[in-house]
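K.L.:
Right, I'll just put the structure down here and ask away after.
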């Protein structure tokens, strides 16, 4: 049995990668890094969904903006974010690879707290232009990313575990899970970099 490559691609050297996982698991960081490695655009769904002052896009507008970004970049892309309720399979059905980032909660939650702190004091960029994180927004808002990460951890894990049963590379699909405490992700990124160098 041949070894499964770290990314499948479309068979013609093009990679359309969708990164999924709970808030704070490292999707944005990996997305920018992976896009650089593959030399394709990085597309943040957060940046497309949120307008200044945390104004939500309508579903119609959001879907149109996402579809435009995908179709404008035929040579490939890396998209990070979930938004299944709004987008359905708009991204997933166009992806050649789906990567589920699933580090332990105790590992990524402190990093999320630290990232949020840096954003509150203005030392790190927010998730979208004009969306400033404040103490009130982070701890008292219905959109609190801290609350969301805590309450969605098990839900996301259940959902993506079910998706792995249907779409995992082990069963002939395009989805793989990258978990562990950092070693698995590091090894996978190295494998991707080696694959790109050798092609």
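Residue numbers (the numbering used here): 55 to 253.
Just so it is clear, CB atoms sit at the ideal spot from N, CA and C, and this is done for glycine as well.
1. Going by C-alpha distance, which of 138, 109, 150 is nearest residue 63?
2. Is residue 71 closer than 8 Å to residue 88 when the C-beta atoms are compared?
3. Please name the residue in 237, 186, 116 whose C-alpha comes closest to that of residue 176.
4. So, helix, strand or coil for residue 188, using DSSP?
5. Between 253, 246, 218, which lies nearest to residue 90 when the distance is taken from Cα to Cα?
6. So within the segment 104-158, which uninterrupted alpha helix (DSSP H) runs reach at least 4 residues, ignoring any that extend past its ends?
7. Which residues does DSSP pair with residue 222 in a beta bridge?
8. Output yes or no for whether 8 Å exceeds the beta carbon distance between residue 267 and residue 156.
9. My output table needs one value for residue 70: the three-state DSSP class, helix, strand or coil.
P.N.:
According to the structure shown:
1. Your numbering for residue 63 matches position 9 in the chain shown. Among 138, 109, 150, the Cα nearest to that of residue 63 belongs to 150.
2. For the purposes of this step, residue 88 is identified with residue 34 of the chain shown, where counting begins at 1. For the purposes of this step, residue 71 is identified with residue 17 of the chain shown, where counting begins at 1. Yes.
3. For the purposes of this step, residue 176 is taken as the residue at position 122 of the chain shown. The option with the nearest alpha carbon to residue 176 is 186.
4. Here residue 188 refers to the residue found at position 134 when the chain shown is read from its first residue. Three-state result, residue 188: coil.
5. As a position in the chain shown, residue 90 is number 36, starting the count at 1. Among 253, 246, 218, the Cα nearest to that of residue 90 is on 246.
6. 113-126, 138-141
7. For the purposes of this step, residue 222 is identified with residue 168 of the chain shown, where counting begins at 1. Residue 222 pairs with 229.
8. Because the chain spans 55 through 253 in this model, residue 267 falls outside it and cannot be assessed.
9. As a working mapping, residue 70 is identified with position 16 in the chain shown. Reduced to three states, the DSSP call for residue 70 is strand.
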